[in-house]
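This report concerns only the one structure given below.
In the working numbering, the protein residues as written are 1 to 186.
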């Protein structure tokens, strides 16, 4: 039993190593990070070299990888070139809304699935069971991004056009002063 657990832990660590190497290499395959500065006439060659030194791009690829991995493990995911702020802060500011949405969706999904599973088990081989089974297979077969767009179209666009209460698709604001009101407006 212990050998199995140890073997599985090593397999998981090896898988994580492969995933991190692929993630690191994908950022490098997208092009030279210095390419956007290459055509800037206001940057001298010394400025470009200093920037390359500051970003660590003049070091060997394996050194860059281990430095990147060490910083990522510590929670330093670098800075966004577009937003000009740390990526960890950007993720942290969006995390509360994401967690509330994910946990709420999971609670509804589990409740709905248990209800349908009980109905399907109690009325085995009935019309209700066949309908539930058919829609379950359809739900598993349709890609999530496609079903999500369809549900957005129904609950956000069509409900609004019909004058029914709808789910807004805009940005949510995390109001920590009144969590009950926030949950009500989910």
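Heads up, the beta-carbon is just placed ideally off N, CA and C, and yes, glycines get one too.
Model, not experiment: these values are computed from the prediction.
Taking a C-beta distance under 9 Å as the contact criterion, residue 58 and residue 52 qualify as a contact pair. Nearest C-alpha to residue 166 among 152, 147, 13 and 16: 152.
In the displayed model, residue 179 falls within a helix according to three-state DSSP.
The continuous stretches of alpha helix (DSSP H) do not include residue 162, and DSSP gives it neither H nor E. Of the residues 83, 9 and 139, the one whose Cα lies closest to the Cα of residue 109 is 139. Here the stretch 79-95 does not lie against the stretch 40-52, with fewer than 3 beta-carbon pairs under 8 Å apart. In this structure, residue 76 and residue 88 form a Cβ contact; the two beta carbons are roughly 7 Å apart against a cut-off of 8 Å. For residue 4, the uninterrupted alpha helix (DSSP H) run begins and ends at 2-29, by DSSP.
Going by DSSP, residue 125 is part of no alpha helix (DSSP H) at all; its letter is neither H nor E. For residue 19 and residue 3, the gap between their C-alpha atoms comes out near 24 Å. Rounded to the nearest angstrom, the gap between the Cα atoms of residue 103 and residue 157 is 24 Å. Judged by DSSP secondary structure, residue 155 falls outside any alpha helix (DSSP H); it is assigned neither H nor E. Residue 54 has its alpha-carbon roughly 12 Å from the corresponding atom of residue 64. Bridge pairing for residue 86: 79 [DSSP].
The three-state secondary structure of residue 169, taken from DSSP, is coil.
When DSSP states are grouped into helix, strand and coil, residue 63 belongs to the helix group.
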